[in-house]
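What follows is a single structure, written as structure tokens, with notes after it.
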Amino acid sequence: MKRFLDRIKVSLQVNGLFLELVLLALAGILVASTLTLVTALRSSQKIYLNTVSRSVKQSLEQVREKMDTQNQTNAAIVNTLRTDEASRAYLMGQKDSPILEYRTMYYFVNMLQSLELSDESRNLKLVMVNRGGTIFYTGGYSGIALSPDRILKADYTKQAKNEVKKIHYQFVADGLSGRKEDKNCVVVSAAITYTLGEAPAGYIYFIISQERLRKFYTALSNDACRLMLIDDRGVVISAENEKLIGKKYPDIMKAVYKVENDHIPFANAAFNGAKVSIVAEPFGKWGMHAVGIIDGKIAAAMVREDSGYMIWSSFVSALLLAVILFWAIRKRTKPLMKLVEHMGRVREENTCEKIHIRGGYEVQQLENAYNVMVENINTYIENIMTVEKNKREIELSKLRMQINPHFIYNTLASIKFLIWNGEADKAAQAVDMFTSLLQSTISDDEEMVTVKEEFNNLKRYIVLQKIRFGDSIKVDINMDKDAKDCLIPKLVLQPFIENAFFHAFPQKYKNAMICVYAKVKGECLLCEILDNGCGITEEQAEIHRDTSTGIGIANVNERLRLMFGEAYSIEVSSEYGEGTIVTVKIPVHRERKEDRD
Amino acid sequence: MKFKKIIAVLLTAVLAISLSGWNAAMASSAKAPAESKTITIWAWDDNFNVKAANIAKSYYQKLHPDVKVNVVSMALDDIRQKMNVAFASDNYEGMPNIVLVEDYSIGGYLKAFPGVMRDLSSIVKPKDWMSYKLSSMTVGGKIYGVPFDSGVTGMFYRTDYLKKAGYTAKDMQNITWDKFIEIGKNVKKKTGASMMQITSGDLTLMKIMMQSSGSWYVKKDGKTLNIYGNNVTEECLKTYQKLIKSGIILSLPGWDAEVQAIQKGQLATVVDGCWIASTIETAKNQKGKWALAPIPRMAGVKNSVNASNVGGASWYVIDKVNGAKTAEDFLKQTFAGNVKYLNELVQQINLVSTYKNTNGFTNYKKASAFFSGQTTFESFNKWAAQVPAVNYGINTYAIDSIVEESLQSVLQGANIKATTKTIQERAAALDK
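Chains as they are written, first to last, in our numbering: chain S, 1 to 597; chain P, 1 to 432.
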């Protein structure tokens, strides 16, 4: 888990620039599209209301036209009744011959029937009250008697009496009869006068039923916009919802007047606790207004419906833009990322490689600069390395040169010893051995040889030493099969064997023995030189440091350090009187070629 | 690529669904509809016709609980208009299975739209019903309707007014119109009340007089006009003239005014169909002051009887609306001779049936306290049997208007024979 988080952290670091750019771009897109959306939605709500109110206005104009037609019919009926002879005779209650009476009635009824020909006048309940208080009515009131008193005392009669020429319209909750079928109707009333200045001969009434009032607008009304008729005081005269009729809405009325007087498409108002927009059309002749109430909720829902499309389209275009931006930024930053990554590797792996990336102008320039720099650095490093190598080689050869004379002295001393003893044969053999040893060590310039070769050299050396010290010290040389071809610096083990010969057995020892053994352990080549001699104490070790063998061991130490750095070790463990073990540990190298590089 | 695949899959799915839906729709529309178990009835007048239909519904649903019956109350004008539109366009959608049609109007429908109404000969036997009722719904020997209410007429009279004028019940039996005018004059003189009313725009009296004389605007074939050269028509116009001239008539402008006049006690008699009884009964303070006698007959016509008919309607099945068989069965179990049911209607809606055999009509025997203890149903039933059968033809109401208009000139002294000629000419033009 932690590793995973670390990886994320790293990748965030690596892609930081890219992410930053992408986030910035996304934020920009988000802000821009949100702003556009909000603006569009707001204007779309406004456009919606404007459009709806315009169509509602048209509907209301249609309502007004229907009311106009009704009004014309009403006026025609009133006019006919005012001027018609039969009607006059009926109203004046003229008593002539029975035949004339019958004929009057016939023409009167005929006239009424002819009035009923148009849609606007069919089923109108016509009521006439004549001077004598006799009431006459048609249609729908069968079985009951209308009370002339009730009608003559009502407001609508008073209005007709005050303004005899005018046709009056009034909303009456209980109608002419007070019966169910008259409920919430508009009573049309007019006076009939035959002689100016005299009291009216009678009154005409008819009823525009609630059902008929509704017919003016129901077909044009819908859920989004409810139409209704409202009078000058703000009282609802006709509405599809029965409960609203007769209620007063001053707030709506305010909006109605605002719309009508300011000639604006709509005005806002509160209606039964809901926010609505009002469209209105006055109908002055009836003292009424056709009103459209646009439901704010439905308007909002309509806009929401539209906005779904808008939100989708802006979402899709934002997404598309984001993808394009992502791609563009990616394309620009990717070479940069590569460059950064590459440079990071330089730090981590200490390698300086040229880079080949494709990208924009800036990246190309960076690449060129980087590559020139890398080239320069590489040249410098190569130079330094060559110098260093040369230096080391010089040092190594110097050290090797140090050994050789020392060894030569000792051997020559040994040969001299042989000659002194008169052992000419042995001396000759020793000179042979010495010659071949010198050949392999000094003449051959190689620094490293295989363990096998080294051990051969050691054997020659041991022969030489034996000549000097006699056969009392037994030497056993052994190596593991896989150690056979391992490489080892020349004459590295020789000083330790020399040391054993010279110092391990100061007295005559029974079974004096030196073992040399080489083996591979893991990545290391181990070479052990054991003896069962006297061992050395700390003081002795100090004393020996500056002796010839001491110089030899220090020399080995220095050579190994130069060749392997810290990757080697020389351990000496000794127990006084028991013997000494020297372990030389160096990295395994098998081929000469490798060594050279 | 994957995206394309998804779109393709979606498109195929949509196509498959819509195609299968279309197939299903095609399959269902191809099937012939099964006989509907729901029937609809249209009628006007909630207190009479609609009430009768609703009682029939409860009778029928006891027998057939699986059948749904819708009784719709509708204004007579609306029913007429809807029938005209549907029949003329041959589109019966939204039309009822059973419809009530006035006897004066049915002839027009049967003639103009043959095959629309179902032949009900199998459930209506001529021997069971009064022949005057059957004649309007019989075409080519086939009976297309189930007779409902009788329009048999009677003369209701105020006993108190007549007593004041010196007349008893005996004086009112089987009189002529001349006698009626004579009594009327005395009544007017003694009480100030008019003998009867005539309502403008409604030629009830003309129809009563014609049918009591066994004659109509057309001959028995329902086609040939029978106005000019018909003694009955002339006598009717003459009687009208005499009645109005005598000054015993109250001229009224409409039905409402007539009701008012009865309630106000302005009339000594009402000569009308039996159904007027329930209207008269609304004047509760006049209980016991009314009695019933046969209508006057035409003195100038030999065959004239003291019985006639006015109005009345019958039930018809629209054959082209699904459920016609069920509708026929509905009528068979109820209106078409279920005596128990019809007898209940006598009590519930004061029905005077046109069913001949009155053995099961126990409610007919009840005496009416309002009409001076008379058994009015029995009287009506007796008179109904005497009503001469006539063929109403197809233009009764249209000719009514012409006659009423012509009557005005007769009243001003125009020659009656010449007037009948004009009427006949104008009536002949109606069919053109």
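The beta carbon of each residue, even a glycine, is placed where N, CA and C say it ideally should be.
Item, Value
"Where residue 31 of chain P falls: helix, strand or coil (DSSP)", "Here the model assigns residue 31 of chain P a pLDDT of 48, short of 50, so the residue's position is not dependable, and the following value carries that caveat. If DSSP states are grouped into helix, strand and coil, residue 31 of chain P belongs with coil."
"Per-residue DSSP class, three states only, for residue 325 of chain P", "helix"
"Span separating the alpha-carbon of residue 90 of chain S from that of residue 311 of chain P", "29 Å"
"For residue 272 of chain S, the nearest candidate out of S:293, S:324 and S:289 (CA to CA)", "S:293"
"Simplified DSSP state of residue 168 of chain S, which is helix, strand or coil", "strand"
"C-beta contact flag for residue 123 of chain P and residue 337 of chain P at 9 Å", "yes"
"Counted within 10 angstroms of its Cβ, other Cβ atoms place residue 598 of chain S as buried (16 or more) or exposed", "Outside the shown range of chain S, which is 1 to 597, sits residue 598 of chain S, and nothing can be said about it."
"CB of residue 488 of chain S within 9 Å of CB of residue 525 of chain S, strictly", "yes"
"Candidates P:290, P:196, P:188 and P:375, of which the one nearest residue 252 of chain P by Cα", "P:196"
"Residues that residue 583 of chain S bridges to, as DSSP identifies them", "S:528 and S:571"
"Residues of its chain near residue 413 of chain P, where Cβ-Cβ distance is below 6 Å and the 5 sequence neighbours each way are ignored", "none"
"Contact belief for residue 512 of chain S with residue 452 of chain S at Cβ below 8 Å, rounded distance in angstroms", "26 Å between Cβ atoms; not a contact."
"Under the three-state DSSP convention, the category residue 357 of chain P falls into", "coil"
"Short CB-CB distance (under 9 Å) between residue 423 of chain P and chain S", "no"
"Residue-chain proximity (residue 276 of chain P, chain S), Cβ-Cβ < 9 Å", "no"
"Stretch pair the stretch 328-344 of chain P + the stretch 359-377 of chain P: three plus CB contacts closer than 8 Å", "yes"
"At least 3 beta-carbon pairs within less than 8 Å: the stretch 8-22 of chain S vs the stretch 326-346 of chain S", "yes"
"Distance between residue 586 of chain S and residue 23 of chain S (C-alpha atoms, nearest Å)", "56 Å"
"Residue-level contact to chain S via CB, residue 246 of chain P, 9 Å cutoff", "yes"
"Option in P:101, P:258 and P:217 with minimal Cα separation from residue 136 of chain S", "P:258"
"Sub-9 Å separation of residue 515 of chain S and residue 583 of chain S beta-carbons", "no"
"Pairwise C-alpha distance: residue 240 of chain P and residue 420 of chain P", "14 Å"
"Ranges of the alpha helix (DSSP H) found wholly within the stretch 214-297 of chain S, counting only runs of at least 4", "250-262"
"Under 7 Å by beta carbon: chain P residues contacting residue 99 of chain S", "244, 245 and 411"
"Three or more C-beta pairs below 8 Å linking the stretch 174-192 of chain P and the stretch 315-329 of chain P", "no"
"Status (buried if at least 16 other CB within 10 Å, exposed otherwise) for residue 302 of chain P", "exposed"
"DSSP state of residue 266 of chain P mapped onto helix, strand, coil", "coil"
"Cα-Cα separation, residue 229 of chain S to residue 241 of chain S", "12 Å"
"Where the stretch 251-263 of chain P meets chain S: residues whose CB sits under 8 Å from a CB there", "251, 252, 253, 254, 255, 256, 257, 259, 260 and 263"
"Own chain, CB closer than 8 Å to residue 298 of chain P, minus 5 neighbours either side, in chain order", "176, 177, 209, 212, 213, 232, 235, 236, 239 and 304"
"CB of residue 396 of chain P within 9 Å of CB of residue 132 of chain P, strictly", "no"
"Euclidean distance between Cα positions of residue 335 of chain P and residue 56 of chain P", "8 Å"
"Residue 201 of chain P: contacting residues in chain S (beta-carbon distance under 7 Å)", "109 and 113"
"Neighbour-count burial assignment, residue 233 of chain S, 16 or more Cβ in a 10 Å radius", "exposed"
"Contiguous beta strand (DSSP E) assignments of at least 3 residues, all confined to the stretch 233-281 of chain P", "249-252 and 269-273"
"Chain-ordered chain S contacts of residue 249 of chain P [CB-CB under 8 Å]", "98 and 102"
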